Amino acid sequence: MLLLISPINTDEALESIEGGADIVDVKNPKEGSLGANFPWVIKEIREMTPEDMMVSATLGDVPYKPGTVSLAAMGALVSGADYIKVGLYGTKNYDEAREVMENVVKTVRDNSSKAVVVASGYADAHRVGAVDPMEIPKVAADAGADLAMLDTAVKDGKTLFDFMDMDKLQKFVNEIHDYGMKSALAGSIKKEQLKPLYDINCDVVGVRGAACVGGDRNTGKIHRSAVAELKEMIKNF
Numbered sequence: 055m056l057l058l059i060s061p062i063n064t065d066e067a068l069e070s071i072e073g074g075a076d077i078v079d080v081k082n083p084k085e086g087s088l089g090a091n092f093p094w095v096i097k098e099i100r101e102m103t104p105e106d107m108m109v110s111a112t113l114g115d116v117p118y119k120p121g122t123v124s125l126a127a128m129g130a131l132v133s134g135a136d137y138i139k140v141g142l143y144g145t146k147n148y149d150e151a152r153e154v155m156e157n158v159v160k161t162v163r164d165n166s167s168k169a170v171v172v173a174s175g176y177a178d179a180h181r182v183g184a185v186d187p188m189e190i191p192k193v194a195a196d197a198g199a200d201l202a203m204l205d206t207a208v209k210d211g212k213t214l215f216d217f218m219d220m221d222k223l224q225k226f227v228n229e230i231h232d233y234g235m236k237s238a239l240a241g242s243i244k245k246e247q248l249k250p251l252y253d254i255n256c257d258v259v260g261v262r263g264a265a266c267v268g269g270d271r272n273t274g275k276i277h278r279s280a281v282a283e284l285k286e287m288i289k290n291f
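If you count the sequence shown from 1, you need to add 54 to reach the working numbering.
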């Protein structure tokens, strides 16, 4: 299971790198759960990150505007992102979500043979009117994406596990694998919740709060010691 850490700036990115993250995921919590950061921040972080370490960039909690989102994907790609992550926030159903993802996939594929396209839904989609989380594997597969993910849309202290039990998470991961894709799970995940995700064969786990001093994704700052601790835990499972 790969460890994805979400820094908001170059200082946090350095802490993530030094702590041994597998994927450095550039985001901006001020703009939402999967808030987008600026192109120059993505570029600076890609330049400082070792070549063998992947850099991910979130495009935001995106609206149902396929053209706008495709243009954002191009921006992340030319800024150096290896993973292009789309938060399907404003898409209310399968058809809208697939349309957005199909166009993002085309944009990325037309310009890169290596970049990974990530379709991310929300375990608490019902709270924001987004597409049902259990539709995400099919959306990702039908659109030609590489990885399907779940996060939480509302960051109010509730975690992924408040909205999805282990049976549902197992079904989600299994369906993704049946489609031949990789799975990722996030959503205010705590240290003690890593093992259950490892046990259901989740491919990537996304963390911010648990890697921050004080454990708060908004007021805390990512520290290499916290990242290293998470990495060591996963290594020893």
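We treat Cβ as the ideally placed atom computed from N, Cα and C, and that holds for glycine. A quick note: this is a predicted structure, and the numbers were derived from the prediction, not measured.
Going by the CB atoms, is the gap between alanine 240 and aspartate 210 shorter than 8 Å? no
In terms of residue numbering, what span does the beta strand (DSSP E) encompassing glycine 141 cover? 137-141
Out of curiosity, what's the CA-to-CA distance linking proline 61 and histidine 180? 27 Å
Please report the Cβ distance between leucine 201 and alanine 169, rounded to the nearest whole angstrom; I am assuming they are in contact, meaning their Cβ atoms lie under 8 Å. That belief does not hold up - the Cβ atoms of leucine 201 and alanine 169 are roughly 11 Å apart, past 8 Å.
Can you tell me where the alpha helix (DSSP H) with threonine 64 in it begins and where it stops? 64-73
Is it buried or exposed, asparagine 91, if we count other Cβ atoms within 10 angstroms and call 16 or more buried? buried
Below 8 Å, how does it come out for the region 149-161 and the region 171-186: are there three or more Cβ pairs, yes or no? yes
Please classify serine 87: does DSSP put it in a helix, a strand, or coil? coil
How is threonine 112 classed by DSSP in three states: helix, strand or coil? strand
Start and end of the alpha helix (DSSP H) containing leucine 214? Element bounds for leucine 214: n/a, residue is neither H nor E.
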